[in-house]
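A.B. asks: Sharing a structure, written as structure tokens. Questions coming.
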Amino acid sequence: MWTYLSYGPFADFDTYERWLTECAASTDPRFQAFVDRRSGNAVGIGAFMRIDPPAGAIEVGHIALSPLLQRSPAATEAMYLMMRHAFELGYRRYEWKCDALNARSRRAAARLGFVFEGVFRQATIYKGRSRDTAWYSVIDSEWPLLREAFERWLDRDNFDASGVQRARLEDIRAALQSRRDADGRPGEA
């Protein structure tokens, strides 16, 4: 979990807690806790960062999900809620950046509907190695279709009694896009 983050792993819980306390005081990045409704326990974190209201751009990052949240509908919902909040605040560009070697993060960005924009080579150095950064984004004109896809995917009717999805998010999004293309309204709600 810590391989592609510039911090961690932490030696013990006290060290992690001190780091979290410092993060909670920050306004950029502005950290969010993902809390399980049933248990009340925090099961992950993420942050809004590189917050630039004049440019209308904001990035999501510092995503660290516990095994309880990874690959779950709740993880998708957390990412949807952060994205929705950004667009409701009036941002016109929502960014996702990750280490170009982080295949899981890159797959997650694509699954969530982010558009790949390219790789910034030798963008930074962390943990003693050079990092190429893969850039992804969603822009405001793409948001209505994505919002509808997320809401259809998150609907209870999309899951069977065992909690298994009936339709994949990507397939819902593709069907919505095909319908809009046929109507001559690509990407519009």
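For the record, in the sequence shown the residue sitting at position 101 is 686 according to this note's numbering, with numbers rising by one throughout.
Ideal Cβ placement from N, Cα and C applies to all residues, glycine included.
(1) What is the DSSP secondary structure of Leu650, reduced to helix, strand or coil?
(2) Cα separation between Asp745 and Leu754?
(3) Say whether the segment 653 to 669 touches the segment 705 to 716, bearing in mind that this needs 3 or more beta-carbon pairs closer than 8 Å, one atom from each stretch.
(4) Hey, out of Cys683, Ala649 and Ala642, whose CA is closest to Met586's CA?
(5) Would you call Ile643 buried or exposed, if buried means 16 or more other Cβ atoms sit within 10 Å of its Cβ?
(6) Pull up the distance between the alpha-carbon of Arg791 and that of Ile710, whole angstroms please.
(7) Taking only runs that begin and end inside the segment 639 to 691, name each unbroken beta strand (DSSP E) of 3 or more residues, in chain order.
(8) List the residues that DSSP assigns as beta-bridge partners of Arg536.
(9) Under 8 Å by Cβ, that's how I've got Leu730 and Gln762 pegged, so tell me the actual separation to the nearest angstrom.
(10) In three-state DSSP terms, what is Arg622?
(11) DSSP state of Arg615, grouped into three classes?
(12) Under a Cβ-count criterion, where at least 16 other Cβ atoms within 10 Å of its own Cβ denotes burial, should Ile757 be classed as buried or exposed?
(13) Check Ala774 in the structure and name its three-state DSSP category.
(14) Taking DSSP's pairing of strands, which residues face Asn637 in a bridge?
(15) Look up Phe598 in the DSSP assignment and say whether it is helix, strand or coil.
(16) Based on Cα-Cα distance, which residue from Thr600, Arg770 and Thr606 lies nearest to Ser782?
(17) For Ser775, does the three-state DSSP call read helix, strand or coil?
(18) Tell me which residue opens and which closes the alpha helix (DSSP H) that Trp738 is part of.
(19) Tell me Gly629's beta-bridge partners as DSSP assigns them.
C.D. replies: So, to answer that:
(1) Secondary structure at Leu650: strand, using DSSP grouped into helix, strand and coil.
(2) For Asp745 and Leu754, the gap between their C-alpha atoms comes out near 15 Å.
(3) Taking 8 Å as the limit for Cβ pairs, the verdict is that the segment 705 to 716 does not touch the segment 653 to 669.
(4) Per the Cα distances, Ala649.
(5) Its Cβ being crowded by 16 or more others within 10 Å, Ile643 is buried.
(6) No answer is possible for residue 791: it lies beyond the span of the chain, which begins at 586 and ends at 774.
(7) Qualifying beta strand (DSSP E) stretches, in chain order: 642 to 650 and 678 to 684.
(8) The structure shown does not extend to residue 536, since the chain spans only 586 to 774, so no value can be given for it.
(9) Correct: roughly 6 Å between the Cβ atoms.
(10) In the structure shown, the three-state DSSP call for Arg622 is coil.
(11) The answer is strand: DSSP assigns Arg615 an E or B state.
(12) Per the 10 Å Cβ criterion, buried.
(13) Below a pLDDT of 50, predicted positions are generally treated as unreliable, and Ala774, at 46, falls in that range; the measurement from the model is reported next regardless. Annotated three-state conformation of Ala774 is coil, per DSSP.
(14) Checking the sequence shown, residue 637 turns out to be Asp, not Asn. DSSP lists Ala642 as the bridge partner or partners of Asp637.
(15) Three-state DSSP puts Phe598 in a helix.
(16) The shown model of the chain, from 586 to 774, leaves out residue 782, and the question about it has no answer.
(17) The requested residue 775 is not part of the displayed model; the chain covers only 586 to 774.
(18) DSSP places Trp738 in the uninterrupted alpha helix (DSSP H) bounded by Trp728 to Leu739.
(19) The partner list for Gly629 (beta bridge, DSSP) reads Phe619 and Leu650.
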